[in-house]
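S.K.: Numbering follows this note's numbering, in which position 109 of the sequence shown is assigned residue number 110; successive positions increment by one, without gaps.
What follows is a structure written as structure tokens; I'll ask about it next.
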Amino acid sequence: QHKYAQQGHTGLTLAHTALIATLDASGVRIVTIAERMTITKQFAGRLVDELTTRRYITVETDPTDRRATLVKATNEGWQFLDDACQARREIEQMFEGVLGVERRDDSMVRLSRLVTFSR
């Protein structure tokens, strides 16, 4: 979060990053976001609301089904994702410098498992 804040993205978490990473140019339904992130639709909806408020995404009516909505990233949202990827690369490089490549990779796998387990 500190790296995000340094780039002007305050109050955002890895969950926000993960949500934007599930999107594509044509838009994605909230139910699909929840499935891709393996979270509840309610939590996905809350993240969508938070990112909409910050103008990182938009929510539009699905033209193929007027009852559904599509979530799309804005230019600011894509920039946030790019900045988040850069922050990850910097963190990985820091780990590599301290641990070496093999131990860094092992550490990243273990951290990923912890994040997945904590959901």
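Cβ atoms here follow ideal geometry from the backbone N, Cα and C, with glycine treated the same way.
These numbers were taken from a predicted model, which means no experiment stands behind them.
Straight-line CA distance for GLY78 to THR18?
M.R.: Indexing the sequence shown from 1 puts residue 78 at position 77. Indexing the sequence shown from 1 puts residue 18 at position 17. Approximately 9 Å, taken between the alpha carbons.
S.K.: Quick one: any contact between the stretch 25-33 and the stretch 64-77, if contact means 3 or more CB pairs under 8 Å?
M.R.: Touching, yes, given that three or more Cβ pairs across the two stretches are closer than 8 Å.
S.K.: Going by the DSSP bridge assignment, what does LYS73 pair with across the sheet?
M.R.: Taking the first residue of the sequence shown as position 1, residue 73 is located at position 72. DSSP, once it has assigned bridges, lists THR59 as partnering LYS73.
S.K.: Do ASN16 and LEU48 have their C-beta atoms closer together than 7 Å?
M.R.: Taking the sequence shown and counting its residues from 1, the one referred to as residue 16 is at position 15. Taking the sequence shown and counting its residues from 1, the one referred to as residue 48 is at position 47. It should be pointed out that residue 16 corresponds to Ala in this sequence rather than to Asn. In this structure, LEU48 lies closer than 7 Å to ALA16 by Cβ.
S.K.: Cutting at 8 Å between CB atoms, please list the residues of its own chain near ALA35, excluding the five before and the five after it.
M.R.: Within the sequence shown, residue 35 is the residue found at index 34, counting from 1. THR41, LYS42, PHE44, ALA45.
S.K.: Identify the continuous alpha helix (DSSP H) that holds HIS10 and give its terminal residues.
M.R.: As a working mapping, residue 10 is identified with position 9 in the sequence shown. Looking at the DSSP string, HIS10 is not in any alpha helix (DSSP H), and its letter there is neither H nor E.
S.K.: Is any beta-carbon of chain B found at less than 7 Å from that of GLN87?
M.R.: Absent from the structure is chain B; it holds one protein chain and no more.
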